[in-house]
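Peer 1: I am attaching a structure below and will ask some questions about it afterwards.
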Amino acid sequence: MRSEIPDGFDFDAELERRGLAPLVRREPTTLQVNVGKLCNQACHHCHVDAGPKRTERMARPVAERVVEVLQLNPSLGTVDITGGAPELNENFRFLVESARSLGRRVIVRCNLTVLFAEGMGHLPAFYRDNRVELVCSMPCYGRDNVERQRGAGVFDKSIKALRILNELGYGRGDSGLRLDLVYNPVGAFLPPSQPHLEAEYREELGRSFGIVFDHLLTISNMPLNRFAHQLELAGKGSEYMSLLVNHFNPATVEGLMCRDLVSVGYEGTLYDCDFNQMASMPIRDEAGRPLTMWDVDDFRGFAGRPIATAPHCFGCTAGAGSSCGGALA
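Using this note's numbering, the letters of the sequence shown correspond one by one to residues 22 to 350.
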């Protein structure tokens with residue numbers, strides 16, 4: 022499901038006007054691995070357009086090349102595994118265990134309900150035993166907003182999953198088992214203040230359910246794929262893009278995740294970020310050919326490369342900014 026952003030929103034021109042161009046990379050420190058689009062959910066805001074019927078999955082040769090690249094590049098200190106629901110990929114355990122054996126920090130982007138999918142009962146202990154850091158979708162501390170975005174029954178499963186993780190030590194600070202939650206707006210608006218919303222989450226989830234966590238990350242909805250289609254159906258595509266453009270914050274540009282991250286698609290193609298991946302904007306060589314994992318051995322050479330941009334980049338620079346690590350300013 023590809024939906025195009027309306028014309029007339031030029032991110033590079035905005036950077037030029039602000040004296041912030043060109044946007045270039047630093048040496049990559051994070052390898053973000055998207056293992057495919059299979060997911061046990063089909064959320065309304067999903068920029069991946071993931072769901073239970075998707076068949077795009079990372080195969081073993083690509084997973085093995087990911088591990089080989091990590092061995093060749095000690096500076097890639099963080100492996101960030103995403104999807105879809107990454108746990109549903111048959112190479113998930115291999116990727117996690119291999120990265121951890123190499124001493125890498127491993128982050129998994131978990132939708133919480135996957136813990137109750139068939140054959141996934143081992144996941145909580147697997148996370149704990151491998152010291153995996155979890156970034157978990159929780160778009161609100163109230164049932165109605167969660168289920169409006171993610172589907173009926175998701176709230177109760179999410180609460181149950183968080184309690185299981187808490188019992189294992191996740192989110193308790195001194196355990197070293199990091200549990201962050203992710204807020205995405207339910208509609209076509211920007212996230213509120215991350216510190217203020219985090220305080221509300223702590224109060225409401227703690228008081229009502231006894232749940233604890235480390236941090237809340239606020240992430241803007243990207244006008245790509247499923248969310249872009251929702252905007253179009255509501256006739257709000259240009260309105261939402263105007264909101265993002267009008268709230269451009271130059272203080273966010275220095276911390277954009279594309280400066281330090283390389284995104285790997287399920288088939289091995291390289292991208293500047295997961296959003297560019299879903300917009301089919303690969304990193305290209307000097308001849309204009311898309312680069313793959315098999316084309317690069319030393320990622321230090323990426324420093325200084327230009328970053329491919331498009332109108333959706335305004336989503337990362339609006340307001341307090343947005344990245345896979347939450348607000349930027």
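Note that CB positions come from ideal geometry on N, CA and C, so glycine has one too.
1) What's the call for P107, buried or exposed, on a 16-neighbour Cβ count within 10 Å?
2) Would you give the residue range spanned by the beta strand (DSSP E) that I180 belongs to?
3) Can you give me the C-alpha to C-alpha distance between G192 and R223, rounded to a whole angstrom?
4) Can you list, in chain order, the residues of its chain with a C-beta nearer than 7 Å to that of H333? Leave out the 5 residues immediately preceding and following it.
5) In this structure, does DSSP put F32 in helix, strand or coil?
6) Evaluate the contact criterion for the stretch 176-185 versus the stretch 132-148: three or more CB pairs, one atom per stretch, below 8 Å.
7) Out of curiosity, what's the CA-to-CA distance linking Q251 and H65?
8) Give a yes or no on contact between the stretch 48-66 and the stretch 318-325, applying the rule of three or more CB pairs nearer than 8 Å.
9) Tell me whether the beta-carbon of S241 lies closer than 9 Å to the beta-carbon of P271.
10) Is it right to say D70 is buried, meaning 16 or more other beta carbons lie within 10 angstroms of its own, or is it exposed?
11) With H, G and I counted as helix, E and B as strand and the rest as coil, what does DSSP make of P107?
12) Count the other CB atoms within 10 Å of the CB of D195; is the residue buried (16 or more) or exposed (fewer)?
13) Is the beta carbon of D115 less than 9 Å from the beta carbon of V153?
14) Can you tell which of R169, L198 and R199 has the C-alpha that lies nearest to the C-alpha of G208?
15) Can you tell me where the alpha helix (DSSP H) holding T338 begins and where it ends?
16) State yes or no: is the C-beta of D101 within less than 9 Å of the C-beta of Q62?
17) Once the 5 residues before and after N55 are set aside, which same chain residues still bring their CB inside 7 Å of it?
18) Taking the alpha-carbon positions, what's the M314 to G258 distance?
19) Can you tell me the Cα-Cα spacing of E77 and G57, whole angstroms?
20) Tell me the residue span of the alpha helix (DSSP H) that contains D235.
21) Tell me where the alpha helix (DSSP H) around N166 begins and ends.
22) In whole angstroms, give me the CA-to-CA distance for D352 and V127.
23) Quick one: which unbroken beta strand (DSSP E) runs of 3-plus residues sit fully inside the stretch 86-131? Chain order, please.
24) Got a sec? Which residues, its chain only, sit under 6 Å from C131 by beta carbon, not counting five neighbours each side?
25) Can you give me the start and stop residues for the alpha helix (DSSP H) that E154 sits inside?
26) Using a Cβ-Cβ cut-off of 7 Å (strictly less than) and excluding sequence neighbours within five positions of Y292, which residues of its own chain qualify?
Peer 2: The relevant details are as follows:
1) Indexing the sequence shown from 1 puts residue 107 at position 86. Buried is the call here.
2) Here the question's residue 180 lines up with position 159 in the sequence shown. Counting along the chain, I180 falls outside any beta strand (DSSP E), though it belongs to the alpha helix (DSSP H) covering V175 to E188.
3) Here residue 192 is taken as the residue at index 171 of the sequence shown, counted from 1. Here residue 223 is taken as the residue at index 202 of the sequence shown, counted from 1. Distance between the alpha carbons of G192 and R223: 11 Å.
4) As a working note, residue 333 is residue 312 in the sequence shown. Hits under 7 Å: I26, M243, P244, L245, F296 and A300.
5) Taking the first residue of the sequence shown as 1, we reach residue 32 at position 11. When DSSP states are grouped into helix, strand and coil, F32 belongs to the helix group.
6) The stretch 176-185 is in contact with the stretch 132-148.
7) Numbered from its first residue, the sequence shown carries residue 251 at position 230. Numbered from its first residue, the sequence shown carries residue 65 at position 44. So the two alpha carbons sit approximately 8 Å from each other.
8) Two segments are said to touch when three or more pairs of C-beta atoms, one from each, lie closer than 8 Å; by this definition the stretch 48-66 touches the stretch 318-325.
9) For this step, residue 241 is matched to residue 220 along the sequence shown. For this step, residue 271 is matched to residue 250 along the sequence shown. One thing to note: S241 has its Cβ no nearer than 9 Å to the Cβ of P271.
10) Here residue 70 is taken as the residue at index 49 of the sequence shown, counted from 1. Under this definition D70 is a buried residue.
11) The count along the sequence shown starts at 1 and reaches residue 107 at position 86. In this structure, P107 counts as helix in the three-state DSSP scheme.
12) Numbered from 1 along the sequence shown, position 174 holds the residue referred to as residue 195. Residue burial annotation: D195 is exposed, with fewer than 16 other C-beta atoms found within 10 angstroms of its C-beta.
13) Here residue 115 is taken as the residue at index 94 of the sequence shown, counted from 1. Here residue 153 is taken as the residue at index 132 of the sequence shown, counted from 1. Here residue 115 turns out to be Phe, not Asp, going by the sequence shown. For the pair F115 and V153, the CB atoms are not nearer than the 9 Å cut-off.
14) Against the sequence shown, residue 208 aligns to sequence position 187. Nearest C-alpha to G208 among R169, L198 and R199: R169.
15) Counting from one through the sequence shown, the residue named residue 338 turns up at place 317. Unbroken alpha helix (DSSP H) run through T338: F335 to T338.
16) Walking along the sequence shown from the start, residue 101 turns up at place 80. Walking along the sequence shown from the start, residue 62 turns up at place 41. Judged by their CB atoms, D101 and Q62 are not nearer to each other than the 9 Å cut-off.
17) Counted from its first residue, the sequence shown places residue 55 at position 34. Sequence-distant Cβ neighbours of N55 in its own chain, meaning closer than 7 Å and more than five residues away, are T103, G104, S284, V285, G286, Y287, D295 and Q298.
18) Taking the first residue of the sequence shown as 1, we reach residue 314 at position 293. Taking the first residue of the sequence shown as 1, we reach residue 258 at position 237. Cα to Cα, M314 sits roughly 34 Å from G258.
19) Walking along the sequence shown from the start, residue 77 turns up at place 56. Walking along the sequence shown from the start, residue 57 turns up at place 36. In this structure, the straight-line span from the alpha carbon of E77 to that of G57 is close to 5 Å.
20) Your numbering for residue 235 matches position 214 in the sequence shown. In the DSSP annotation of this structure, D235 is not part of any alpha helix (DSSP H), being labelled neither H nor E.
21) Stepping through the sequence shown from its first residue, residue 166 is reached at position 145. Start and end: R164 to R171.
22) Any answer about residue 352 is impossible in this case: the structure gives the chain only from 22 up to 350.
23) Whole beta strand (DSSP E) segments, 3+ residues: 99-103 and 126-131.
24) Reading the sequence shown from its first residue, position 110 is the one you call residue 131. Sequence-distant Cβ neighbours of C131 in its own chain, meaning closer than 6 Å and more than five residues away, are L155 and C157.
25) Position 133 of the sequence shown, counting from 1, holds the residue named residue 154. Run containing E154: none in the alpha helix (DSSP H); it sits in the beta strand (DSSP E), E154 to S158.
26) Walking along the sequence shown from the start, residue 292 turns up at place 271. Excluding sequence neighbours, Y292 sits near S284, G286, Q298, M302, P303 and I304.
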